[in-house]
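A.B. asks:
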Amino acid sequence: MKIVIINYGAGNIQSIMFAIERLGFKAVLSNNPEEIQAADKVIFPGVGEASSAMTKLRESGLDSLIPNLKQPVLGICLGMQLMCNSSEEGNTKGLGIFDVDVVKFSNQVKVPQMGWNQIYNLKSDLFADIPENEFMYLVHSFYAPNCAEAIATTNYDLEYASALQKDNFYGTQFHPEKSGAVGEKILENFLKM
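Numbering (the UniProt record's numbering), first residue to last: 1 to 193.
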């Protein structure tokens, strides 16, 4: 199986690589459109700021490639947020895969949300054999509100979508690669799709 992690200069890719290796698979880093299109599975990571990350995607042409991929694609953290219509962070237009707009947490809570929080209302094969209310690791100041494409929910100040799915596209606000054995099980479920 060929697993490609999209390398566009906005990702914590080493921890994802190590998690995939612990599962017995190999992944390659690439920003080459042909290599990404030829992959069996694509992981779209993201750490950083939305507008500068989208600029990097546009400069490399990946902004038009990613929404047209046909194989399973997993966006993680900022990767998931960039797959949405837009983000308030830097007033950024997203890839428009998920029909939701990313917004900032209110000033009523500590931002960023950093640490462990529960996921529930699990609704996808991505969460096969994952119990409700498992704890996942999150670091973010912006979130996707609950919407029709939500496949997991988390509560921090309010309930929001901590995972999304539409067709072959999946997104997790949490970091499965940093969430221990349960997070790695979610990655494994994705790789088996």
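All residues carry an ideal CB built from backbone N, CA and C; glycine is no exception. Keep in mind the model is a prediction, meaning the values are calculated, not measured.
In the DSSP assignment, find the alpha helix (DSSP H) that holds residue 52 and state where it starts and stops.
C.D. replies: 50-60
A.B. asks: Drop a sphere of 10 angstroms on the beta-carbon of residue 158, count the other beta-carbons inside from all chains shown, and report buried for 16 or more, exposed for fewer.
C.D. replies: Around the beta carbon of residue 158, a 10 Å sphere encloses fewer than 16 other beta carbons of the protein chains shown; the residue is thus reported as exposed.
A.B. asks: Looking at residue 166 and residue 142, is the spacing between their C-beta atoms short of 8 angstroms?
C.D. replies: no
A.B. asks: Within this structure, are the beta carbons of residue 18 and residue 1 separated by less than 8 angstroms?
C.D. replies: no
A.B. asks: Specify, as a first and last residue, the run of the beta strand (DSSP E) that residue 149 falls within.
C.D. replies: Careful: residue 149 lies outside any beta strand (DSSP E) and carries neither H nor E.
A.B. asks: Taking all protein chains shown into account, decide if residue 45 is buried (16 or more other Cβ within 10 angstroms of its Cβ) or exposed.
C.D. replies: buried
A.B. asks: When you compare the region 32-40 with the region 93-101, are there three or more beta-carbon pairs, one atom per stretch, that lie closer than 8 angstroms?
C.D. replies: The region 32-40 is not in contact with the region 93-101.
A.B. asks: Rounding to the nearest angstrom, what Cα-Cα distance links residue 85 and residue 21 in this structure?
C.D. replies: 32 angstroms
A.B. asks: Comparing alpha-carbon positions, which option in 131, 42 and 132 lies nearest residue 4?
C.D. replies: 42
A.B. asks: Roughly how far, in whole angstroms, is the beta-carbon of residue 144 from the beta-carbon of residue 152, given that I think they are within contact range, below 8 angstroms?
C.D. replies: Actually they are not in contact, since the Cβ atoms of residue 144 and residue 152 sit about 11 angstroms apart, beyond 8 angstroms.
A.B. asks: Note down the Cα distance separating residue 32 from residue 58, rounded to an integer number of angstroms.
C.D. replies: Straight-line Cα distance between these residues: approximately 14 angstroms.
A.B. asks: Output needed for residue 29: all residues of its chain with C-beta closer than 7 angstroms, excluding positions within five of it in sequence on either side, in chain order.
C.D. replies: 5, 7 and 13
A.B. asks: Taking the straight line between their C-alpha atoms, what separation do you get for residue 170 and residue 53?
C.D. replies: 19 angstroms
A.B. asks: Taking the alpha-carbon of residue 96 as reference, which of 106, 87 and 83 has the nearest alpha-carbon?
C.D. replies: 83
A.B. asks: List the whole-angstrom C-beta distance separating residue 56 from residue 10, where the pair is believed to meet the contact cut-off of C-beta under 8 angstroms.
C.D. replies: 6 angstroms
A.B. asks: Do you know whose CA, among 40, 115 and 121, lies nearest residue 150's CA?
C.D. replies: 121
A.B. asks: Can we count residue 98 as close to the ligand ATP, meaning its CB is less than 7 angstroms from some heavy atom?
C.D. replies: Annotation note on the ligand ATP: not contained in the displayed structure, which lists no ligands.
A.B. asks: I need the boundaries of the beta strand (DSSP E) containing residue 134, first residue and last residue.
C.D. replies: 134-140
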